[in-house]
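Take a look at the structure below.
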Amino acid sequence: MIGGRRSAAIEAIRAAGGRVTAPRQAVLDAVLDADEHHFTASDIVAAIHHTKQPTDRATVYRTLELLTEIGLLDQLQLDSGAAVYHRADHPHGHLLCNECGSVEELPSEVLEDVVGRIASHAGFVVDTARVALSGACRACAAKAAVG
Ligand SMILES: [Zn+2]
Ligand SMILES: [Zn+2]
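Residue numbers for the sequence shown follow the working numbering, beginning at 184 and rising by one.
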């Protein structure tokens, strides 16, 4: 399906009036190939570096913004750190560990109950793809319980 996604993304970039240059394709490929579900612009810069495609950092940033605009990526601002991106094809919330800095995915289904209660309490519609809860991950919580 990567091939289908790739051509769909290229179509979407063109439809948005963008030119599909070699550096942009390199960014797109790095995004589609990322094993890490979450990545920063620096991760993509590093990934492209291996491909020998000359791509400057500004192009990476602009292309990631473009991919966010066309809906391929979601951008998350986690804490005060660098913006983190993830592919938008499977929505989920995030669990941020204050101790070790890990980011875990929280399946949207887990949030359904609380999202429903928030809607009936406040009439507020939660964007579950942008939910980020901070606390201690399982490993850090276990350490805290022992120590
Ligand atoms: Zn994510
Ligand atoms: Zn942790």
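Here a beta-carbon is modelled for each residue, glycine too, at the ideal position from N, C-alpha and C.
Keep in mind it's a predicted model, so treat the numbers as computed, not measured.
When we look at the beta-carbon of residue i and count the other beta-carbons within 10 Å, is it buried (16 or more) or exposed?
| i | result |
| --- | --- |
| A302 | exposed |
| F307 | exposed |
| A327 | exposed |
| R207 | buried |
| H233 | exposed |
| G200 | exposed |
| T204 | exposed |
| A325 | exposed |
| V286 | buried |
Quick check: what's the CA-CA separation for residue i versus residue j?
| i | j | result |
| --- | --- | --- |
| A273 | D218 | Sequence inspection shows His at residue 273; the Ala mentioned does not correspond to that position. Cα to Cα, the separation comes out at about 15 Å. |
| M184 | A305 | Bear in mind that the predicted position of M184 carries a pLDDT of just 46, short of 50, making it too unreliable to give a figure here. |
| L146 | H277 | A question about residue 146 goes unanswered here, because the residues of the chain that appear run from 184 up to 330. |
| R321 | R197 | 44 Å |
| D335 | R202 | Residue 335 falls outside the range modelled here, since the chain spans only 184 to 330, and no answer is possible. |
| E282 | I253 | 34 Å |
| R240 | G187 | 27 Å |
| Q236 | V314 | 35 Å |
| A312 | S291 | 8 Å |
| G318 | V298 | 19 Å |
With DSSP as the reference, please indicate the residues paired to residue i in a beta bridge.
| i | result |
| --- | --- |
| T223 | V267 |
| Q258 | Y268 |
| C280 | G318 |
| P237 | Answer is none; P237 lacks a bridge partner. |
| V286 | L279 |
Does the distance from the C-beta atom of residue i to that of residue j stay below 8 Å?
| i | j | result |
| --- | --- | --- |
| A224 | L247 | yes |
| I227 | V210 | yes |
| D257 | A266 | no |
| H171 | H221 | Because residue 171 is not part of the residues shown, which for the chain are 184 to 330, the question remains open. |
| L261 | L279 | yes |
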